[in-house]
Every structure is written in C-alpha cells, then in structure tokens.
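> The numbers in the working numbering rise by one with no breaks, and the one at position 432 of the sequence shown is 435.
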Amino acid sequence: MDFDLLIHNGILVTVDRTQRIIPNGWIGIQGGVIQAIEPAWPNQAPPGAGTCVDAAGGLVMPGLVNSHTHLPMSLFRGLADDLPLISWLNDHIFPAEARFIEPETVYWATRLACSEMLLSGTTCCCGGYFHEDTVAVAVAETGLRAVLAQGVIDFPAPGVPDPLHNVTHAREFTRRWKEQHRLVTPSIFCHAPYTCSDRTLTAAKAAADELNLLFQVHVAETRFERDQSISRTGHSPVAHLERLNLLDRRTLMAHCIWLDDRDIAIIANRGCAVAHCPESNMKLASGIAPLTRLLAAGVTVGLGTDGCASNNNLDLFGEMATAAKLHKLASGDPTALDAARVIQMATRDGARAIGMADRIGSLETGKQADIIVLDTRAPHLTPLYHPQSHLVYAAGGADVRHVFVAGQALVRDRNLLTVDIDQVIDRVNAIAADIRSNQHQKSIRQD
Ligand SMILES: [Zn+2]
Numbered sequence: 004m005d006f007d008l009l010i011h012n013g014i015l016v017t018v019d020r021t022q023r024i025i026p027n028g029w030i031g032i033q034g035g036v037i038q039a040i041e042p043a044w045p046n047q048a049p050p051g052a053g054t055c056v057d058a059a060g061g062l063v064m065p066g067l068v069n070s071h072t073h074l075p076m077s078l079f080r081g082l083a084d085d086l087p088l089i090s091w092l093n094d095h096i097f098p099a100e101a102r103f104i105e106p107e108t109v110y111w112a113t114r115l116a117c118s119e120m121l122l123s124g125t126t127c128c129c130g131g132y133f134h135e136d137t138v139a140v141a142v143a144e145t146g147l148r149a150v151l152a153q154g155v156i157d158f159p160a161p162g163v164p165d166p167l168h169n170v171t172h173a174r175e176f177t178r179r180w181k182e183q184h185r186l187v188t189p190s191i192f193c194h195a196p197y198t199c200s201d202r203t204l205t206a207a208k209a210a211a212d213e214l215n216l217l218f219q220v221h222v223a224e225t226r227f228e229r230d231q232s233i234s235r236t237g238h239s240p241v242a243h244l245e246r247l248n249l250l251d252r253r254t255l256m257a258h259c260i261w262l263d264d265r266d267i268a269i270i271a272n273r274g275c276a277v278a279h280c281p282e283s284n285m286k287l288a289s290g291i292a293p294l295t296r297l298l299a300a301g302v303t304v305g306l307g308t309d310g311c312a313s314n315n316n317l318d319l320f321g322e323m324a325t326a327a328k329l330h331k332l333a334s335g336d337p338t339a340l341d342a343a344r345v346i347q348m349a350t351r352d353g354a355r356a357i358g359m360a361d362r363i364g365s366l367e368t369g370k371q372a373d374i375i376v377l378d379t380r381a382p383h384l385t386p387l388y389h390p391q392s393h394l395v396y397a398a399g400g401a402d403v404r405h406v407f408v409a410g411q412a413l414v415r416d417r418n419l420l421t422v423d424i425d426q427v428i429d430r431v432n433a434i435a436a437d438i439r440s441n442q443h444q445k446s447i448r449q450d
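1. Using 8 angstroms as the threshold, is the region 99 to 110 in touch with the region 121 to 129, meaning 3 or more CB pairs across them?
2. Can you give, in chain order, each stretch of the beta strand (DSSP E) that sits fully within the region 349 to 381 and has at least 3 residues?
3. Nearest to Ile438 by CA position, among Leu9, Thr108, Leu92 and Gln47, is which residue?
4. If you measure from each residue's Cβ to the nearest non-hydrogen atom of ligand 1, which ones come out under 6 angstroms, in chain order?
5. If you draw a straight line from the C-alpha of Asn248 to the C-alpha of Tyr197, how long is it?
6. Quick test of the definition: if touching needs 3 or more C-beta pairs under 8 angstroms, does the region 288 to 298 touch the region 216 to 236?
7. Tell me whether Gln426 is buried or exposed, calling it buried when 16 or more other Cβ atoms sit within 10 Å of its Cβ.
8. Which whole-angstrom value is the C-beta distance of Val140 and Tyr132, which I expect to be below 8 angstroms?
9. Return the chain-ordered list of same chain residues with a C-beta closer than 6 angstroms to the C-beta of Phe407, the five sequence neighbours on each side being excluded.
10. For Arg404 versus Leu377, is the C-beta spacing smaller than 8 angstroms?
11. To the nearest angstrom, report how far apart Pro390 and Val68 are at their CA atoms.
12. For Phe158, which three-state DSSP category applies?
13. So, helix, strand or coil for Gln33, using DSSP?
14. His389 lies in the alpha helix (DSSP H); which residues open and close that run?
15. Using the C-alpha atoms, what's the distance from Glu228 back to Cys199?
16. If Cys117 and Val142 are in contact, beta carbons under 8 angstroms, what's the gap, nearest whole angstrom?
17. Lys445: buried (16+ other C-beta within 10 angstroms of its C-beta) or exposed?
18. Determine the DSSP secondary structure at Pro281, reduced to helix, strand or coil.
19. Closest to Gln38 by CA distance: which of Ala326, Asp352 and Leu8 is it?
20. Say whether the region 63 to 77 touches the region 305 to 325, bearing in mind that this needs 3 or more beta-carbon pairs closer than 8 angstroms, one atom from each stretch.
21. In the structure shown, what three-state DSSP assignment does Cys129 receive?
22. Looking at the structure shown, is Cys259 part of a helix, part of a strand, or coil, going by DSSP?
23. Are at least three pairs of beta-carbons, each pair with one atom in the region 249 to 260 and one in the region 270 to 279, less than 8 angstroms apart?
24. Between which two residues does the beta strand (DSSP E) carrying Ser234 extend?
25. Check the C-beta distance from Asp266 over to Ala299 and give it rounded, since I have them as a contact under 8 angstroms.
26. Under three-state DSSP, which class holds Glu182?
27. Name, in chain order, the residues that DSSP records as bridge partners for Arg415.
28. I'd like the ranges of any beta strand (DSSP E) spanning at least 3 consecutive residues and lying wholly in the region 279 to 353.
29. Does the distance from the CB of Asn315 to the CB of Gly81 come in under 8 angstroms?
30. Do Leu147 and Ser190 come within 8 angstroms of each other at the CB atom, strictly closer than that value?
31. Leaving out five residues before and five after Ile10 in sequence, what residues of the same chain have Cβ atoms less than 7 angstroms from its Cβ?
32. Let me check understanding here. Comparing Cα to Cα, which of Pro50, Ala209 and Thr113 lies closest to Arg430?
33. Give the DSSP bridge partners of Asn69, in chain order.
34. With distances taken from CA atoms, which of His238, Thr188 and Leu115 is nearest Asp423?
35. Report buried or exposed for Tyr110, applying the criterion of at least 16 other Cβ atoms within 10 angstroms of its Cβ.
36. Applying the 10 Å Cβ sphere with the 16-neighbour rule, what's the burial state of Gly61?
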C-alpha cells in the first residue's frame with residue numbers, strides 16, 4: 004500500500020496502552036489518518052509514499068495536547084508578574100482586557116499563541132476566552148486542532164457588555180461552530196464559581212449539554228476561593244458544583260488545587276477530568292494540586308499551560324518537566340509521577356480530558372496523524388538511553404523539528420508553513436506599544 008505521507012527512520016514513542024517504543028520504525032499516513040506503524044527491518048526499504056519525511060534518528064511522538072489555555076492572553080505575556088492571583092487579575096489583567104481585547108488584537112494574539120504552540124510541538128489545545136469567533140478563525144487558519152469556548156463571566160466582558168447575555172452569547176458560538184470546521188470543536192467555559200452565579204453556571208452547563216459539548220470551569224484555584232465558597236455556600240467549590248449537578252464526564256475542571264478527600268472522591272465518582280497547570284500555579288503561588296492523589300483515585304488529568312500571562316510561555320515540554328519535578332518534591336518521593344506518566348498526561352490523557360480520546364493522543368492506527376518529530380542530534384540530548392526520560396527531563400520545545408496535524412505539515416525543519424511569523428510578531432509588537440504607553444500614562448496619573 005502506498006501512503007500520502009511516510010515518517011521513517013525515527014524512534015517511535017507511541018504512548019499507546021502498552022507504552023510501546025519502537026527503536027527504529029515508520030508510520031504510514033493516508034487521508035490524515037495513521038494507517039500503519041511498523042518497525043523497520045534491515046535491508047528492507049520502507050513503503051512508498053507521496054511525501055517521505057526522514058526523522059533522522061530523532062524522536063517521533065503524538066503531538067502534545069494543551070488541556071488548558073487562553074490563547075489571546077499571549078498579548079499580556081510579562082505585563083504583570085510577581086503578584087498574587089487576586090491582584091494580578093483585578094488590578095492588571097481584567098483592566099487590560101477591558102481596554103485592549105477586541106477582535107483585531109485577539110486575532111493577532113491568537114496567531115502568535117498558535118505559532119508558539121506549533122513550534123514547540125503542541126498540536127491541540129483546549130480553552131476559552133472572549134471574541135471567540137475570532138479566536139476560532141485564527142486557529143483554523145493555522146491548521147492547529149482545538150476545543151474552543153466563548154468565556155462566560157458575570158460582569159461586563161470584552162464583546163459581551165451586558166452579562167445578562169453571557170450564556171446566550173456562548174451558546175450562539177457553539178451553534179455556529181458545531182461541526183463547522185474539522186479541526187475546531189466548540190465548548191462552553193464558565194470562568195469560575197466565584198465569578199459566576201449559580202444560575203449562570205447551571206444555564207451554561209445546560210447549553211453545553213444541549214449539543215453534547217465539553218463544559219470547562221476553573222475550580223479551587225486558591226485557598227481564598229475555597230474559604231469564600233465555604234462561608235458563602237457551606238460547601239467547597241467542588242461540592243458546590245456537584246450540588247448544582249454540573250459534574251459529569253463532559254466536565255473539565257482547571258487547577259483543582261484546594262481539594263479535600265471528599266472533593267477528590269466526588270471528581271472521581273462523577274468522572275470529571277482535571278487540567279493541571281503547575282507553572283501557572285507555582286508562579287501565582289496558588290498552591291500545589293494533589294495530583295498523585297487524583298491519579299490514585301483514577302481521575303483523568305491533562306496538562307495545561309494556562310494563559311501566557313501567568314506562565315509565561317506555552318511550551319508543554321517545560322510544563323512536563325515542571326510537573327514531574329514539582330510532584331516529586333511535594334511528595335518527597337522521587338518515584339512519584341515518572342516520565343512515562345507525565346508524557347501520558349500531555350498526550351493521551353489530555354486528549355481524554357478534552358473529549359478527544361478516540362481521535363488523538365497516541366500513535367495508533369485509526370487515529371488522526373497529529374505527530375511531532377524531535378531532532379535529537381544536539382549536545383543536551385546526547386547520549387540517549389531512555390527516550391521518555393529525554394522528552395521530560397532534557398528536551399525543550401525548541402527541539403521540535405517537524406509538526407503534522409491530520410497529516411498536514413504545519414512545521415517543517417522548524418519553519419511554520421501556515422503563519423508568516425514576522426508579520427505576526429510585528430503586529431503584536433505594535434499592539435503592545437499601545438498597551439505600554441497606556442500603562443505609562445496611567446502611572447503618570449497615579450504619581
Ligand atoms: Zn485559566
């Protein structure tokens with residue numbers, strides 16, 4: 004059989020159920036789908052294909068899945084750092100969003116975020132923000148796969164001046180994008196139980212259920228949020244959401260740091276997934292999610308970067324290293340969260356968390372050809388004893404050489420094929436100049 008695309012001469016880290024690694028193998032792709040994964044035999048040429056990609060002995064793995072991010076926040080990278088979550092949000096991020104988030108800025112910031120993700124090996128992301136139609140158009144143009152949601156919050160937001168219409172606005176987004184584009188799947192995202200009323204949360208979940216879509220929400224990110232929830236409702240944020248009947252297999256909760264044993268049991272029993280964002284949690288000193296306990300309870304956990312303003316990058320290789328090291332330190336156990344498990348979180352479990360387990364997350368026949376190839380001919384990746392160890396502890400996003408989504412090449416030899424990156428950088432820098440001068444004027448007024 005001839006293929007459209009053949010990737011050969013690579014070490015295949017399949018992340019399938021058995022964590023199979025093929026030391027020298029090839030992958031045959033037809034119609035954007037993986038049709039064959041085979042070891043190469045000596046003196047036997049690989050099969051023919053329209054396009055042959057020589058992985059040059061490098062590592063080949065499923066594209067990474069960023070299970071929690073806010074793409075246009077790349078605009079605010081480094082704008083306000085070294086602050087606690089509440090003042091970071093209320094004094095810096097929310098005002099900057101109110102002033103500068105509009106379709107034009109969202110478009111360029113999303114293209115920037117997609118460029119950064121593709122160049123560092125992320126082929127699918129999940130999240131939500133405002134002006135999401137523009138986000139979806141920008142994502143679709145880059146060829147990245149995504150689950151995207153129009154954000155719901157109970158105060159005036161960019162593009163939704165009247166919060167009474169927030170759920171309607173989000174529902175209309177899902178109707179416009181449902182089965183509209185092969186790579187964009189719509190979703191509903193409520194910001195958090197502390198910024199959305201019970202009524203808003205319930206209506207938003209109902210809107211997601213109407214079309215069988217993923218419902219996303221930030222939960223138990225800070226101790227303050229948990230304490231406030233207990234004093235206001237008598238329940239933890241997780242228990243409160245359960246009482247509202249919002250937790251099921253189509254619910255993805257970001258952060259989940261301040262959990263007690265009962266919360267973990269609820270999440271496991273309801274089959275909800277968690278998006279773990281260790282770098283954002285560390286930077287905002289929000290706390291350490293009880294990851295090993297969540298995993299022991301059988302909860303599906305994906306890995307996320309969160310928005311760029313609290314990370315401050317979208318490189319999931321860095322996030323994998325951080326996750327592995329953080330939970331070893333937190334548990335005092337160097338065997339906690341081994342490399343293979345972290346890779347699984349960033350690929351197949353992330354795919355499961357966002358409702359895409361049947362399509363992506365591993366190199367297996369029948370799955371979409373979302374594949375990345377890393378160049379291992381570099382000092383920091385030499386020698387190579389254990390591929391999974393290198394992927395978590397030694398490699399970085401900059402080692403990604405080729406990226407394919409549904410069999411389409413989006414990065415070849417570290418060059419983006421669907422984005423004019425110089426144009427994107429120039430446009431974002433021009434918008435940032437406005438943000439900088441606005442900040443400057445504000446500081447003069449305060450003096
Ligand atoms: Zn977030």
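Heads up, the beta-carbon is just placed ideally off N, CA and C, and yes, glycines get one too.
So, from the listed chains and residues:
1. no
2. 374 to 377
3. Here residue 438 is taken as the residue at index 435 of the sequence shown, counted from 1. Ranking Leu9, Thr108, Leu92 and Gln47 by Cα distance to Ile438 puts Thr108 first.
4. His71, His73, His221, Ala257, Asp309 and Gly310
5. As a working mapping, residue 248 is identified with position 245 in the sequence shown. As a working mapping, residue 197 is identified with position 194 in the sequence shown. If I take the Cα positions, the gap works out to 17 angstroms.
6. yes
7. On the sequence shown, position 423 is the one that residue 426 refers to. By the 10 Å Cβ count, Gln426 comes out exposed.
8. Position 137 of the sequence shown, counted from the first residue, corresponds to residue 140. Position 129 of the sequence shown, counted from the first residue, corresponds to residue 132. That belief does not hold up - the Cβ atoms of Val140 and Tyr132 are roughly 13 angstroms apart, past 8 angstroms.
9. The residue given as residue 407 occupies position 404 in the sequence shown. Ala372 and Ile374.
10. Along the sequence shown, read from residue 1 onward, the residue named residue 404 stands at position 401. Along the sequence shown, read from residue 1 onward, the residue named residue 377 stands at position 374. Going by C-beta atoms, Arg404 is nearer than 8 angstroms to Leu377.
11. Here residue 390 corresponds to residue number 387 of the sequence shown, with the count starting at 1. Here residue 68 corresponds to residue number 65 of the sequence shown, with the count starting at 1. If you take the alpha carbons of Pro390 and Val68, they lie about 19 angstroms apart.
12. Working through the sequence shown from its first residue, we reach residue 158 at position 155. Looking at Phe158 - three-state DSSP - the assignment turns out to be coil, as it is neither helix nor strand.
13. As a position in the sequence shown, residue 33 is number 30, starting the count at 1. Here Gln33 sits in strand by DSSP.
14. Taking the sequence shown and counting its residues from 1, one reaches residue 389 at position 386. Element bounds for His389: n/a, residue is neither H nor E.
15. Taking the first residue of the sequence shown as position 1, residue 199 is located at position 196. Taking the first residue of the sequence shown as position 1, residue 228 is located at position 225. Approximately 13 angstroms, taken between the alpha carbons.
16. Here the question's residue 117 lines up with position 114 in the sequence shown. Here the question's residue 142 lines up with position 139 in the sequence shown. About 6 angstroms separates the two Cβ atoms, so the contact holds.
17. Looking up residue 445 in the sequence shown gives position 442. That one is exposed.
18. Looking up residue 281 in the sequence shown gives position 278. Pro281 falls in the helix class under three-state DSSP.
19. Residue numbering aside, residue 38 sits at position 35 when the sequence shown is read from its first letter. Among Ala326, Asp352 and Leu8, the Cα nearest to that of Gln38 belongs to Leu8.
20. yes
21. Within the sequence shown, the letter at position 126 stands for residue 129. In this structure, Cys129 counts as strand in the three-state DSSP scheme.
22. The count along the sequence shown starts at 1 and reaches residue 259 at position 256. Cys259 falls in the coil class under three-state DSSP.
23. yes
24. Position 231 of the sequence shown, counted from the first residue, corresponds to residue 234. No beta strand (DSSP E) holds Ser234; the alpha helix (DSSP H) holding it covers Arg226 to Thr236.
25. Numbered from 1 along the sequence shown, position 263 holds the residue referred to as residue 266. Numbered from 1 along the sequence shown, position 296 holds the residue referred to as residue 299. Not confirmed; about 14 angstroms, so no contact.
26. On the sequence shown, position 179 is the one that residue 182 refers to. In the structure shown, Glu182 sits in coil (DSSP, three-state: anything other than H, G, I, E or B).
27. On the sequence shown, position 412 is the one that residue 415 refers to. BP columns for Arg415 point to Asn418.
28. 303 to 306
29. Along the sequence shown, one-based indexing puts residue 315 at 312. Along the sequence shown, one-based indexing puts residue 81 at 78. A contact, by the Cβ cut-off of 8 angstroms.
30. Taking the first residue of the sequence shown as position 1, residue 190 is located at position 187. Taking the first residue of the sequence shown as position 1, residue 147 is located at position 144. Result no, Cβ atoms of Ser190 and Leu147 do not sit closer than 8 angstroms.
31. Numbered from its first residue, the sequence shown carries residue 10 at position 7. Excluding residues within five positions, the ones whose Cβ falls inside 7 angstroms are Trp29, Ile30, Val56, Ala58, Val63, Ile374 and Val376.
32. Along the sequence shown, read from residue 1 onward, the residue named residue 430 stands at position 427. Closest option to Arg430, Cα to Cα, is Thr113.
33. Your numbering for residue 69 matches position 66 in the sequence shown. Asn69 pairs with Cys128.
34. The residue you call residue 423 lines up with position 420 of the sequence shown. Measuring from the Cα of Asp423, the nearest candidate turns out to be Leu115.
35. Locating residue 110 in the sequence shown gives position 107, counting from the first residue. By the neighbour-count rule (16 or more Cβ atoms within 10 Å), Tyr110 is buried.
36. Mapped onto the sequence shown, residue 61 falls at position 58. Counting Cβ neighbours within 10 Å, Gly61 comes out buried, since at least 16 surround it.
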